[in-house]
Amino acid sequence: MSNRTSYSPTPYASRAASPEPSHLSRRVSVITEESPLLHHGDGSVGSGKSPGRREYDELQGAPAWSWLWWRSRVRYYVPATRWMMEYKLSYLWGDTVAAITVATVIIPLSLSYASSLAHLDPFSGLFAAAVQPLVYSLLGSCAHLSVGPEGSLSLLVGQAIQRILHDDPHSGDDAAAVGSEVATMITFQVGMISLCLGLLRLGFIDVVLSRSLLRGFVTAVSLVIVIEQLVPMLGLSHVHAGTDLHTAFDKCIFLVQHLRESQMPTAILSLCSISFLIVTRTIKTRFKKRFGFLTYLPEILICVIVTTILCSAFEWQALGIEVLGAVSFSSRKSFFALPLQRTNLRFFKQAFPTAIFCSIVGFIDSVVAAKQNAQRFRYSVSPNRELTALGAGNIAASFVPSTLPAYGAITRSRLAADTGGKTPMSSLILSIIVLLSIRFLLPALYFLPKAVLACIICLVVYTIIAEMPEDILFYWKMSAWNDMFLMMLTFILTLVWSVEVGIGIPFALTILLVVKQSSQQRIKIMAREPGTTHYVPIDEDFPTELEDTSGVLVVRIFENLNFVNTGSMKERLRRLELYGSNRHHPSDAPIRDEPVAVVFQLADVEEMDASAVQIFRELAETYTSRGVCVCFARVRPAELQALRKGGVVDFLGENHFHPTVAAAVSFIEHERHSEHCSPRNGSIA
1096 MSNRTSYSPT PYASRAASPE PSHLSRRVSV ITEESPLLHH GDGSVGSGKS
1146 PGRREYDELQ GAPAWSWLWW RSRVRYYVPA TRWMMEYKLS YLWGDTVAAI
1196 TVATVIIPLS LSYASSLAHL DPFSGLFAAA VQPLVYSLLG SCAHLSVGPE
1246 GSLSLLVGQA IQRILHDDPH SGDDAAAVGS EVATMITFQV GMISLCLGLL
1296 RLGFIDVVLS RSLLRGFVTA VSLVIVIEQL VPMLGLSHVH AGTDLHTAFD
1346 KCIFLVQHLR ESQMPTAILS LCSISFLIVT RTIKTRFKKR FGFLTYLPEI
1396 LICVIVTTIL CSAFEWQALG IEVLGAVSFS SRKSFFALPL QRTNLRFFKQ
1446 AFPTAIFCSI VGFIDSVVAA KQNAQRFRYS VSPNRELTAL GAGNIAASFV
1496 PSTLPAYGAI TRSRLAADTG GKTPMSSLIL SIIVLLSIRF LLPALYFLPK
1546 AVLACIICLV VYTIIAEMPE DILFYWKMSA WNDMFLMMLT FILTLVWSVE
1596 VGIGIPFALT ILLVVKQSSQ QRIKIMAREP GTTHYVPIDE DFPTELEDTS
1646 GVLVVRIFEN LNFVNTGSMK ERLRRLELYG SNRHHPSDAP IRDEPVAVVF
1696 QLADVEEMDA SAVQIFRELA ETYTSRGVCV CFARVRPAEL QALRKGGVVD
1746 FLGENHFHPT VAAAVSFIEH ERHSEHCSPR NGSIA
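Structural data, given as structure tokens:
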């Protein structure tokens, strides 16, 4: 077996010859026709350099704070300054078709979310579908993300309003005013939370929540939404108005007890509407590859138009079917107001927990949708930029009273991409369409049945609920019991207790699991291969012929050291000394002899904080007091400097730091033969 090359850390000064590209050039990784957001469009074909490389070369020759420096920063932080300058007329048709297609979905959904889930006027949902996409198109890093109100967020807002009204009862116009003030406060807080997280570069929170937790929460919220919508679908709104129900379980009991009081015309209309929507959606899913035009079929808009016309023509309102009613542009008192007014600030504390949950859930959905489209069209997105753009959009929307929070949606984003959307121009066009519908469309929806709005919401969450059995089967096959438990715990708590508790407790458990895994340091014993000077990590149950018989314990640490994972280092090392693995219980009898020397191999440690240095100083003192020689091998220059500053080098001596493990073991054996090992405060015999 050939000898391995000795460790020779590369000095930092030698890296200057090959500088790492900045984030500006890394953002332009692949330029394609499908991602004009990142296309420079300078016309320099065949130059031999990518647009990102040319920009990087220009910045290398430009002084700091120059025009080129400012231009690159503005293009990064305000992506619209790039894609607008490079926009081509050939993209306009696809962006327009995508905007119209998404508008046929988001307008009815916004009406449904605002009226049925948040218990606000329809303007609340429509303005959320107009203002936030407009701001996101200027600041967002994803070219295909569709931003708008979401069912789970609208449900959280509605529950917060109902809870506040229950604690401090209001009636009539006062209740409507309270709802508007609470929604405005939540939207503003959501925007501030997201903006601060983005500015502090905390976009990594999307990796904290596991897929199992998200699946359990989203499925439970979808089921809660369905239970909520069964009330108007069965015509039980007049009965439900006088009850005080909080959990989904209570509402299920209510539905069972009052099922006989259902209004038959409303129930029949709901059954026909939901059947039409499900059948149409199923046909589109199965045959859209064969018949491409089915992708553009607006089944939701068709259902809204047909039922509105039929309700007006046959006077279904006289049969007891509830309709949307008079909603006109002139009926709204104001379209602009400062969110931090005294009337809004009185709900600051009560609305803040809901705003935190909305920020977390909304951002997770948005970043998943953004990453899916980025992977599909081969460009990169920044979670921090996403947080900043979404936060700015919600802050801007809070200046329109009672506007709902808005984030990106996976299904709408996929629809925008499938129907030809190429750039954020589709979001701009969508905002214009929604604003026009606010001005001219709402009066025409006077006879729109509320049961149809409830059916539209049920259609959206139906596909989410249908995916849960597949995930349960997957976790069962993988024997992933922790994931299964976390998913079911989230699901049950959300249904039985509340939406906030359903995500709060599992989120806390997830954080604890992450901290636990981070604190479990990866440490292994190294042994010498027979007939060589090579030391390799050994498994838990290693062959005896690979174990060093010299009494030297060689420990390799496989990760960076910080205050999180160094707290248990002493206990881990002691267990390795006694048992050689972590499989033995601390009550078992030791199976290894006490070591005469310990060698720490730190080749994989690239960062080391003050807590880690302090631990090493304490370990050196403890081992030395026991007569155990301590050496270090393959320490990087930066970490060696940290150990020097922490006094470890001065305590042990420079001769206890070696370039290889073999050199450290040879030093220990030489000192043992001379019956002297010279750490400053001890010896080995």
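For the sequence shown, counting from 1, position 491 maps to 1586 in the numbering used here; every step adds exactly one.
Virtual Cβ for every residue (Gly too), placed ideally from N, Cα, C.
Three-state class that DSSP yields for C1291 in the structure shown:
helix
Report the CB separation of L1221 from G1274 in whole angstroms; it is logged as a contact under 8 Å.
Not a contact, Cβ separation roughly 16 Å.
- Pick from M1520, S1706, G1662, G1742: whose alpha carbon is nearest that of C1237? M1520
Notebook entry, point to check: Taking all protein chains shown into account, do 16 or more other C-beta atoms lie within 10 angstroms of the C-beta of Q1612, making it buried, or fewer, making it exposed?
Noted result: Its Cβ having fewer than 16 others within 10 Å, Q1612 is exposed.
Tell me the DSSP secondary structure of Y1231 in three-state form.
helix
Inside the region 1716-1777 only - alpha helix (DSSP H) runs reaching at least 4 residues
1732-1740, 1743-1747, 1756-1768
| said: According to DSSP, simplified to helix, strand and coil, what is R1355? | reply: helix
Original post:
Which ranges would you report for the beta strand (DSSP E) in the region 1429-1504 if only whole runs of at least 3 residues count?
Top reply: 1502-1504
When the distance is taken between beta carbons, is V1242 closer than 9 Å to G1235?
Yes, these two residues count as a Cβ contact at 9 Å.
**Report entry** Buried or exposed (CB count within 10 angstroms, at least 16 for buried), Q1736
**Finding:** exposed
**Integer-rounded CB distance, given that V1230 should sit under 8 Å from G1488** = 4 Å
- Near T1375, what residues of its chain come up, given a Cβ to Cβ distance below 6 Å and the 5 sequence neighbours on each side ignored? E1394
_Is it buried or exposed, R1306, if we count other Cβ atoms within 10 angstroms and call 16 or more buried?_
exposed
Inter-stretch contact (C-beta, 8 Å, three-pair minimum) for the region 1442-1453 and the region 1595-1607:
Counting C-beta pairs closer than 8 Å gives three or more between the region 1442-1453 and the region 1595-1607, which meets the contact rule.
_Segment contact flag, the region 1517-1531 with the region 1189-1204, C-beta cutoff 8 Å, min 3 pairs_ = Verdict: yes, contact present.
Tell me whether the beta-carbon of W1571 lies closer than 9 Å to the beta-carbon of M1579.
yes
Taking the straight line between their C-alpha atoms, what separation do you get for T1438 and A1408? When only Cα atoms are considered, T1438 and A1408 end up about 43 Å apart.
Look up P1544 in the DSSP assignment and say whether it is helix, strand or coil.
strand
query: In three-state DSSP terms, what is Y1674?
result: helix
Here's the rule I'm using: 16 or more other beta-carbon atoms within 10 Å means buried, otherwise exposed. How should R1168 be labelled? Classification for R1168: exposed.
Chain-order list of residues whose beta-carbon lies under 7 Å from that of T1639 (same chain, five-residue window excluded)
No answer about T1639 holds up, because its pLDDT of 44 lies below 50 and its placement is not dependable.
_Secondary structure of Y1208, DSSP reduced to three states_ = If DSSP states are grouped into helix, strand and coil, Y1208 belongs with the helices.
Review point. Start and end of the beta strand (DSSP E) containing P1632?
Key: Its beta strand (DSSP E) spans residues 1630-1632.
Quiz item: In this structure, what does DSSP give as the bridge partners for F1658?
Solution: According to DSSP, which records beta bridges pairwise, F1658 is partnered with nothing at all.
**Q.** Other residues of its chain near S1365: CB distance less than 6 Å, five sequence neighbours each side excluded
**A.** M1328, A1546, C1550
Under the three-state reduction of DSSP, which class applies to G1042: helix, strand or coil?
Because the chain here runs from 1096 to 1780, residue 1042 falls outside it and cannot be looked at.
Checklist line | Backbone CA spacing between V1173 and L1233 [nearest angstrom] | finding: 6 Å
To the nearest angstrom, how far is it from the Cα of Q1324 to the Cα of I1552?
8 Å
**Report entry** Beta-carbon gap between T1628 and A1759 smaller than 9 Å
**Finding:** No, the Cβ-Cβ distance between T1628 and A1759 is not below 9 Å.
ask   = Taking the C-alpha atoms as reference points, what is the distance between E1766 and A1603?
value = 52 Å
*Can you tell me where the beta strand (DSSP E) with R1651 in it begins and where it stops?*
For R1651, the enclosing beta strand (DSSP E) has its first and last residue at 1647-1652.
* Asked: Would the region 1490-1499 and the region 1372-1387 be scored as touching if the rule is three or more Cβ pairs under 8 Å?
  -> Counting Cβ pairs under 8 Å, fewer than three are found: no touch.
Inset, instruction - Would you give the residue range spanned by the alpha helix (DSSP H) that G1311 belongs to? - result: Looking at the DSSP string, the run of the alpha helix (DSSP H) that includes G1311 is 1306-1328.
Do you know whose CA, among L1548, L1318, P1434, lies nearest I1397's CA?
For the residues L1548, L1318, P1434, the minimum Cα distance to I1397 belongs to L1548.
Would you report the Cα separation of A1413 and L1543, rounded to the nearest angstrom? 14 Å
task = Alpha carbon to alpha carbon, how far is L1537 from F1431? Give it in angstroms, no decimals.
result = 19 Å
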